[in-house]
């Protein structure tokens, strides 16, 4: 009977064949990067290809320390490592130890040339970007009719606002005819006068996404009078229309969120405003009732007779205050007058005369205070307590000799 082997035995046998081939244990392979994925574990999974074929590759996290750049789609590299069989899946792949750049790939160079050309033509300028309406009624979508992208857009748009009408143009987004299909979709939805257009697809390699890097698609996006949101691939994927579109979304799901306003948020805001208005009305009614009660009490207290009695009491108290103030003022003024009288008494000439003093003036009535100002024979007038004495100078005598000599 012929021998029967298990799948595991066959895979193990083939793995041993690879292990015994010294050429496959250490070799370098040149090609273009495609389907590059940086895993959360630190491993890097990618495909190396050229015009005649592809080979799966992996670089484990332990070998990444020697990688001095970040790999991206279309990059031309030289991979040094080992070819071996992944026994569980029964497929061979290259285990990269080091990777070196070997210039940008053809598609990457083409991408950069077109990007620079469109940039110089001003197609990326912010002044040409149209604002995305906050509230829309119709949403146009240019994408493949099947796949995760269209399902995500429709699910999210319907959940956020079930009243939005979605017009889908089932475009070819990859391969032959994709460019013409995308352009037709944009122009058809523009004629339908939708509020916003989403142009995009799910993720893929740079070749899969290349239709969105063509000049014709970029020109259609730029010429469209309807605001366009680009949603091509995953967040790390970048295409030409991302620069030309009025807004770039990292994923189709994010594009739907940017295009369609969340009605639940509006309803929640309206409910909050309703509750706030009810609270304010209740507070206002409560304050108004309290004010009415205060006014009622005030009316009772402020009757005309009560006002008259209050005014009378106030007038009597004011009269008493005024009388007391006048009496106090009179006492203060009398006291001050007595002080002035005493001060005048101390300064009165008559008071001095009553004390036995007198004063002398010359014929002109000037007071004589200096003996040197009179001469013998001058007429003088002497004032005493009860009259005036007229006298004549018959002599004058100085108090001391020093004064006379002076």
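In my numbering, the protein residues as written are 1 to 406.
Ideal Cβ positions, reconstructed from N, Cα and C, are used throughout, including at glycine.
Close-in-space but distant-in-sequence residues of the same chain around residue i (CB under 6 Å, 5 per side omitted)
| i | result |
| --- | --- |
| residue 133 | 195 |
| residue 44 | 38 and 59 |
| residue 140 | 167, 189, 194 and 197 |
| residue 396 | 371 |
Residue i vs residue j beta-carbon contact at 8 Å
| i | j | result |
| --- | --- | --- |
| residue 179 | residue 150 | no |
| residue 249 | residue 229 | yes |
| residue 276 | residue 34 | no |
| residue 126 | residue 200 | no |
| residue 171 | residue 182 | yes |
| residue 95 | residue 85 | no |
| residue 212 | residue 240 | yes |
| residue 74 | residue 111 | yes |
| residue 101 | residue 69 | yes |
| residue 79 | residue 41 | no |
| residue 262 | residue 191 | no |
| residue 147 | residue 185 | no |
| residue 174 | residue 138 | no |
| residue 117 | residue 76 | no |
| residue 156 | residue 257 | yes |
| residue 388 | residue 381 | yes |
| residue 435 | residue 233 | Nothing in the structure corresponds to residue 435, since the chain is present only between 1 and 406. |
| residue 264 | residue 231 | no |
| residue 207 | residue 107 | yes |
Range of the contiguous alpha helix (DSSP H) that encloses residue i
| i | result |
| --- | --- |
| residue 215 | 215-223 |
| residue 268 | 263-301 |
| residue 154 | 148-160 |
| residue 53 | Premise fails: residue 53 lies in the beta strand (DSSP E), 53-59, not in any alpha helix (DSSP H). |
| residue 188 | 178-191 |
| residue 4 | Note, residue 4: premise wrong, no alpha helix (DSSP H); not H, not E. |
| residue 258 | 252-259 |
| residue 244 | 240-244 |
Delimiting residues of the beta strand (DSSP E) encompassing residue i
| i | result |
| --- | --- |
| residue 208 | First-last for residue 208: undefined, no H or E at that position. |
| residue 46 | 44-50 |
| residue 170 | 165-170 |
| residue 16 | That residue, residue 16, is in no beta strand (DSSP E); its alpha helix (DSSP H) goes 7-20. |
| residue 38 | 27-38 |
| residue 228 | 228-232 |
| residue 77 | 75-86 |
| residue 197 | 196-201 |
| residue 139 | 138-143 |
Contacting residues, own chain, Cβ-Cβ under 8 Å from residue i (five flanking each side not counted)
| i | result |
| --- | --- |
| residue 288 | none |
| residue 19 | 25 and 84 |
| residue 403 | Only weak support exists for where residue 403 lies, its pLDDT of 46 falling under 50; the value from the coordinates is given anyway. So no residue of the chain qualifies. |
| residue 378 | 362, 363, 392 and 393 |
| residue 122 | 128 |
| residue 82 | 24, 25, 26, 27, 94, 95 and 97 |
| residue 187 | 220 and 224 |
| residue 119 | 243 |
| residue 246 | 129, 130, 131, 132, 227, 228 and 229 |
| residue 87 | 8, 11, 12 and 15 |
Close-in-space but distant-in-sequence residues of the same chain around residue i (CB under 7 Å, 5 per side omitted)
| i | result |
| --- | --- |
| residue 405 | Note that residue 405 has pLDDT 45, beneath the 50 cutoff, so the model's placement of it is unreliable and the number below is only indicative. Contacts found: none. |
| residue 235 | 250 and 251 |
| residue 215 | 114 |
| residue 136 | 164, 195, 196, 259 and 260 |
| residue 50 | 31 and 32 |
Cβ-heavy atom distance, residue i to the ligand COA, below 7 Å
| i | result |
| --- | --- |
| residue 35 | With respect to small molecules bound, the structure shown includes none, and the ligand COA cannot be examined in it. |
Sufficient close CB pairs (3 or more, under 8 Å) joining the stretch 356-373 to the stretch 332-346: no
At 4 residues or longer, and completely inside the stretch 317-393: list those alpha helix (DSSP H) runs for me, N to C. 349-354
Tell me, please, whether the stretch 3-14 touches the stretch 44-55 by the rule of three or more beta-carbon pairs shorter than 8 Å. no
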